[in-house]
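This report concerns only the one structure given below.
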Amino acid sequence: MKKVDILGVSFANVSPSEAVDTICGYLDSDSPHMVFTPNPEMVMLAQKDKEFKDILNDADMNIPDGIGIVYAAKIKKNPIKGRVTGYDTVQAVFDRIRDRDKTVYFFGGAPGVTDAAKENMERQHPGLKVVGCANGYFDEVREKEIIEDIKQKHPDLLLVGIGFPKQEKWIYNHAKELGFKAAIGVGGSFDIMSGSIKRAPDLFIKLGLEWFYRLITQPTRFVRMLQLPLFMLKVIFSK
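In our numbering, the protein residues as written are 876 to 1114.
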């Protein structure tokens, strides 16, 4: 697949449907694949954290989850096909595999969130097989239990939502032992799947203003959102 470099992080130049096709292809393979969803905040962190940048660039596919990535590619005069949101991609994959012999494991979120997400997703995607859940609050002992549970359940698709860069590093460090076909870093998606947090209205999503909706509904994200203008300035000056 064609790729676009944004501040040293390589993104797949794919449409939403192509991203789904690629992930479903991974699920039919015999080796583990890593799919990450970098946004501008993650790209900015990668400028300081070389390990994180190397892991992102070692992924089988980084999808441009963030309108800032789309704008950055235009500024670099190497446009990508459009924003590919992690949440929508996962939902589309669920639709594709719900009637197939493919299994999913949810790892992340607060206690009770992944269980609620499992219930909701299996209701919204009849036939979806979520074979295990584990919340994202764990110590060393609990982590070993989670790893053993994943290995025992042997899911085709592993979703990890324990926040970046922790989730990407965790997937990378355990990819060979867990036996999944594809793992995706999903951030806070379990909160939305469970219904504990509402996603932005469709109008905000279509206009690329999902970040603004999050800001006005979660003002505590203000400091994090300061990375967005800094990211755009860095892209402009790097050009």
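We put the CB at the ideal spot given by N, CA and C, even for glycine.
- Judged by DSSP secondary structure, residue 1112 falls within the alpha helix (DSSP H) whose first and last residues are 1102-1113.
- Unbroken alpha helix (DSSP H) stretches of 4 residues or longer found wholly inside the region 906-947: 915-923 and 925-932, given in chain order.
- Fully contained in the region 1016-1040 are the following beta strand (DSSP E) runs of length 3 or more, in chain order: 1032-1036.
- Burial of residue 1031 is indicated by the presence of at least 16 other C-beta atoms within 10 angstroms of its C-beta.
- Boundaries of the beta strand (DSSP E) around residue 978: 978-983.
- Of the residues assessed, residue 1047 falls on the buried side of the cut-off, its CB having 16 or more other CB atoms within 10 angstroms.
- About 5 angstroms separates the Cβ atoms of residue 1065 and residue 1036, confirming a contact at the 8 angstroms cut-off.
- Relative to residue 1057, the option among 961, 1043 and 910 whose CA is nearest is 910.
- Inclusion of residue 915 and residue 1102 in the CB contact set at 8 angstroms is warranted, their separation being smaller than that value.
- In this chain, the alpha helix (DSSP H) harbouring residue 1069 covers 1064-1069.
- Excluding five sequence positions before and after residue 1005, the CB atoms of its chain that fall closer than 8 angstroms to its own CB belong to 978, 979, 980, 981, 993, 996 and 997, given in chain order.
- If you draw a 10 Å sphere on the C-beta of residue 958, you find 16 or more other C-beta atoms in it, and that means buried.
- A straight-line Cα-Cα distance of about 14 angstroms links residue 951 and residue 942.
- With a cutoff of 8 angstroms on beta-carbon distance, residue 921 and residue 945 are scored as not near each other.
- Of the candidates 1068, 1040 and 976, the residue whose Cα lies closest to the Cα of residue 989 is 1068.
- At the C-beta level, residue 1070 and residue 1009 stay beyond 8 angstroms of one another.
- Scanning 1040, 972 and 987 for the CA closest to the CA of residue 901 turns up 972.
- Looking at 1023, 954 and 882, the one whose alpha-carbon comes closest to that of residue 1110 is 882.
- Residue 1046 sits in a helix when the DSSP states are folded into three classes.
- In the three-state reduction of the DSSP assignment, residue 883 falls in the coil class.
- Taking C-beta atoms under 8 angstroms as the contact rule, residue 930 and residue 1044 qualify, at a distance of about 6 angstroms.
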